[in-house]
Amino acid sequence: MFESFRAGAAFSDRQRKPRRVRPMSVLLALAVEALLVLVVLSIGSAISGPEGSEKGLVSIRFRAAPEQKQAQTTEEEQQPRKETIQRPAEQASRTPEREEPTPVQPQPRPQPPAPALIPLSPSQMTASDISRAPSPPSAPARSRMGPVDTRPGPADSARVSGSGPNGEPLYAAAWYREPYPDELNGYLSTATGPGWGLIACRTAPDYRVEDCVRVDEYPNGSNIARAVLAAAWQFRVRPPRVGGQYRVGEWVRIRIDYQMRQR
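With the first letter of the sequence shown counted as 1, position 95 gets the number 95 in the numbering used here; the numbers rise by one all the way through.
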């Protein structure tokens with residue numbers, strides 16, 4: 001009984017002690033919490049510092065990291081871009097350039113070799129001169145068969161009466177071209193007609209005449225022969241034919257009839 005009483009007394013004492021201890025434990029817990037709060041506040045104020053420095057630190061913390069990230073991202077983005085940019089260049093450098101085919105140039109034709117020169121002595125050169133070689137004999141004339149050609153050839157010029165200044169024979173003139181009226185009108189305008197004038201001239205090359213002299217005129221004193229002499233430089237006359245050949249330098253007689261009305 002006694003022991004049970006003790007046990008019950010001890011149990012009752014234990015129950016009473018905690019009730020006394022609770023206010024103390026609560027106070028201790030509050031004190032510990034207050035200390036922790038003070039420690040945390042002191043640590044935060046020490047780290048953050050004054051307001052001005054807090055703004056600077058905040059701006060540094062929040063800007064530095066994104067710039068590094070952006071730099072890393074830009075570097076990472078630029079690396080593939082560089083690779084993509086370099087790849088076409090590498091491909092272009094690797095691709096071999098097509099060589100343009102060179103145009104085929106025609107080869108010049110080979111020139112024939114120059115003929116070989118054979119040295120010759122002066123005597124050999126004179127002996128080989130073709131100009132001194134004798135001409136081949138002419139072929140014999142073919143014999144003509146048939147009747148003789150009896151056709152008359154061009155007749156010689158007819159002789160006329162009179163003579164040149166020094167006794168040269170005179171032949172009848174044959175016109176190569178008769179004078180035009182305008183070649184005579186200017187000269188015959190000083191003469192009295194109608195009538196005629198007679199002159200003698202020596203034939204010259206190109207069917208011309210020269211050294212003309214007066215022979216006769218009709219009527220006398222009409223000055224027709226004088227007008228004909230002045231216009232004779234324009235006359236074109238064939239040279240006389242003598243012995244089947246035309247003889248330039250022979251003398252001919254020229255007559256001009258003036259049929260204009262009498263003044």
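All C-beta atoms in this analysis are idealised placements derived from N, C-alpha and C, irrespective of residue type, glycine included. Here the structure is a predicted model, which is why all the values come from computation and not from measurement.
Inter-residue distance for GLY162 and LEU170 is about 6 Å (C-alpha atoms, whole angstroms).
With a contact defined as Cβ atoms closer than 8 Å, LEU198 and ARG255 qualify at about 5 Å.
Looking at the backbone, the Cα of TYR218 and that of ARG253 are separated by about 16 Å.
Under the 8 Å Cβ criterion, the segment 199-208 counts as touching the segment 224-236, having at least three qualifying pairs. The beta-carbon separation of ALA231 and GLU183, rounded to 6 Å, stays under the 8 Å limit for a contact. In the structure shown, ALA200 falls within a strand segment according to DSSP collapsed to helix, strand and coil. Ranked by Cα distance from ALA173, the first of ARG159, ASN166 and ALA34 is ARG159. When the Cα atoms are used, TRP233 and SER123 turn out to be separated by approximately 60 Å. DSSP, read as helix, strand or coil, puts GLU210 in strand. PRO205 counts as exposed, since fewer than 16 other C-beta atoms from the protein chains shown sit within 10 angstroms of its C-beta. The alpha-carbon separation between PRO103 and PRO112 amounts to approximately 27 Å. Taking C-beta atoms as the reference points, ARG241 and SER157 count as a pair closer than 8 Å. Here the C-alpha atom of GLY195 lies approximately 30 Å from the C-alpha atom of VAL248. Ranked by Cα distance from VAL215, the options GLY244, LEU35, PRO165 and LEU38 are led by PRO165.
Annotation: the continuous alpha helix (DSSP H) that includes PRO181 extends over 181-188.
The beta-carbon distance between GLY193 and TYR246, rounded to whole angstroms, is 33 Å. This is too long to meet the 8 Å contact definition.
Under the three-state reduction of DSSP output, VAL228 falls in the helix class. Per the DSSP secondary-structure output, GLU217 pairs in a beta bridge with GLY197.
The closest CA to that of PRO239, considering only PRO23, PRO110 and TYR176, is found on TYR176.
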